[in-house]
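Here is the structure we will look at.
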């Protein structure tokens with residue numbers, strides 16, 4: 001039983017391991033609404049293909065257990081990376097109870113594909129060194145205490161919102177008090193696909209852009225100063241001060257700590 005991250009949308013962004021596992025499994029379960037159809041071309045001839053888009057969790061589990069009982073390997077595809085918003089924990093819990101062994105192969109997550117489309121690093125020296133991955137409350141998945149946007153936003157870290165573009169106006173209202181209306185923001189829908197949509201703006205205008213583009217699902221929202229960082233200081237990682245002839249390490253340059261990659265605590269940030 002193989003849970004496989006299918007990547008964000010482009011079929012060629014699956015990992016080599018994921019591709020090889022698909023090719024070796026006579027049964028493949030996938031969500032047809034999210035997993036690119038081109039990935040199914042890696043399935044072996046005659047493979048049983050099961051679209052789970054309209055199946056209940058119990059029905060999916062029954063398919064997995066039946067294949068295991070028949071001695072068949074199964075490729076269970078999840079869009080993006082299965083560690084994020086995939087219902088993986090619920091499926092593993094049921095397989096554990098049934099005594100069915102499994103493994104997990106990671107995939108390229110949607111937020112990483114979105115950052116690539118934006119050509120931006122989400123952690124920029126002196127600007128942002130933390131990334132918060134979150135979503136908004138829905139009937140099926142309420143947010144735990146302390147994970148509301150007002151609380152998370154106070155960190156001013158780079159914020160990545162999944163499954164939330166349908167509520168973007170409300171999100172902006174909740175984030176402006178912490179980030180400010182001029183804070184850079186972006187929305188990337190169907191990241192990495194040929195029909196992807198990339199919107200760049202600020203919290204003041206990103207909601208209007210999103211509505212004008214008709215985006216209601218399958219989009220990632222990214223908010224934070226890292227999106228427009230320009231005059232930031234180079235990190236110590238590749239600084240000439242780190243290296244010296246004959247393996248001698250010189251004293252760190254002014255403003256750098258003795259720990260590679262960290263600024264001196266006394267240096268303004």
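Residue numbers (UniProt numbering): 1 to 269. Think of the CB as a built atom: it goes at the ideal place given N, C-alpha and C, for glycine as much as any other residue.
Next on the checklist: Check this for me: beta carbons of residue 28 and residue 50, under 9 Å apart or not?
Outcome noted: Position 28 of the chain shown holds residue 28. Position 50 of the chain shown holds residue 50. The answer is yes: Cβ separation under 9 Å.
Checklist entry - Which value, in whole angstroms, describes the spacing of the CA atoms of residue 225 and residue 183? => result Stepping through the chain shown from its first residue, residue 225 is reached at position 225. Stepping through the chain shown from its first residue, residue 183 is reached at position 183. Cα-Cα distance, rounded: 6 Å.
Checklist entry - Below 8 Å, can you find three or more Cβ-Cβ pairs linking the region 214-232 to the region 117-133? => result These segments touch.
Checklist entry - Tell me which same chain residues have a C-beta within less than 8 Å of the C-beta of residue 253, skipping the five on either side of it? => result Counted from its first residue, the chain shown places residue 253 at position 253. Note on residue 253: pLDDT 48, under 50, position unreliable in the model; the coordinate value appears next. If we look at residue 253 and ignore the five residues flanking it on each side, its Cβ neighbours are 239 and 241.
Next on the checklist: I believe residue 215 touches residue 172 by the beta-carbon criterion, under 8 Å. Please report the beta-carbon distance rounded to the nearest angstrom.
Outcome noted: Within the chain shown, numbered from 1, the residue matching residue 215 stands at position 215. Within the chain shown, numbered from 1, the residue matching residue 172 stands at position 172. In fact, because the Cβ distance is near 14 Å, the residues do not count as touching under 8 Å.
Checklist entry - In whole angstroms, what is the alpha-carbon distance linking residue 97 and residue 90? => result Counting from one through the chain shown, the residue named residue 97 turns up at place 97. Counting from one through the chain shown, the residue named residue 90 turns up at place 90. One C-alpha to the other measures close to 11 Å.
Item to check | Proximity to residue 136 [Cα-Cα], best of 85, 123 and 48 | outcome: Counted from its first residue, the chain shown places residue 136 at position 136. Residue 85 is the option with its Cα nearest to residue 136.
Next on the checklist: I'd like to confirm the pairing. Which residues does DSSP put opposite residue 30 in its beta bridges?
Outcome noted: Position 30 of the chain shown holds residue 30. Paired residues: 51.
Checklist entry - Going by DSSP, what residues sit across from residue 101 in a beta bridge? => result The count along the chain shown starts at 1 and reaches residue 101 at position 101. DSSP lists no partner for residue 101.
Next on the checklist: By the DSSP assignment, the beta strand (DSSP E) with residue 202 in it spans what residues?
Outcome noted: To locate residue 202, count along the chain shown from 1; it is residue 202. Element bounds for residue 202: 197-202.
Item to check | Cut-off 7 Å between Cβ atoms - residues of its own chain near residue 202, not counting five sequence neighbours on either side | outcome: Position 202 of the chain shown holds residue 202. Excluding positions up to five away in sequence, the list reads 181, 182, 183, 184 and 185.
Checklist entry - In three-state terms, what does DSSP make of residue 163? => result On the chain shown, residue 163 is found 163 positions in, with the first residue counted as 1. Of the three classes helix, strand and coil, the one that applies to residue 163 here is coil, per DSSP.
Next on the checklist: On the DSSP letters alone, give me the boundaries of the beta strand (DSSP E) that residue 185 sits inside.
Outcome noted: By one-based count along the chain shown, residue 185 stands at place 185. It spans 184-189 - the beta strand (DSSP E) in which residue 185 sits, taken as one unbroken run.
Next on the checklist: If I measure Cβ to Cβ from residue 262 and keep anything under 6 Å in the same chain, skipping five residues before and after, which residues do I get?
Outcome noted: Reading the chain shown from its first residue, position 262 is the one you call residue 262. Residue placement at residue 262 is poorly supported in this model, since its pLDDT is 47, which falls under 50; the coordinates are not used for a value here.
Item to check | Beta-carbon proximity list for residue 259, same chain, < 7 Å, skipping 5 on both sides | outcome: On the chain shown, residue 259 is found 259 positions in, with the first residue counted as 1. For residue 259, the predicted structure reports a pLDDT of 45, less than 50, and the residue's modelled location is therefore unreliable. A value from the coordinates is still provided. Excluding positions up to five away in sequence, the list is empty.
Checklist entry - residue 138 bridges to which residues according to DSSP? => result Numbered from its first residue, the chain shown carries residue 138 at position 138. According to DSSP, residue 138 bridges with 141.
Item to check | Segment contact flag, the region 31-48 with the region 110-129, C-beta cutoff 8 Å, min 3 pairs | outcome: no
Next on the checklist: Can you list, in chain order, the residues of its chain with a C-beta nearer than 8 Å to that of residue 57? Leave out the 5 residues immediately preceding and following it.
Outcome noted: Stepping through the chain shown from its first residue, residue 57 is reached at position 57. Answer for residue 57: 87, 90, 91 and 94, listed in chain order.
Checklist entry - Say the cut is 8 Å; is the CB of residue 86 nearer than that to a heavy atom of the ligand HEM? => result In the structure on display, the ligand HEM does not appear, and there are no ligands present to speak of.
Checklist entry - How do the region 66-82 and the region 99-106 stand: do at least 3 beta-carbon pairs fall below 8 Å, yes or no? => result yes
Item to check | Beta-carbon gap between residue 54 and residue 26 smaller than 9 Å | outcome: Position 54 of the chain shown, counted from the first residue, corresponds to residue 54. Position 26 of the chain shown, counted from the first residue, corresponds to residue 26. It is not a contact, given that the beta carbons lie outside the stated cut-off.
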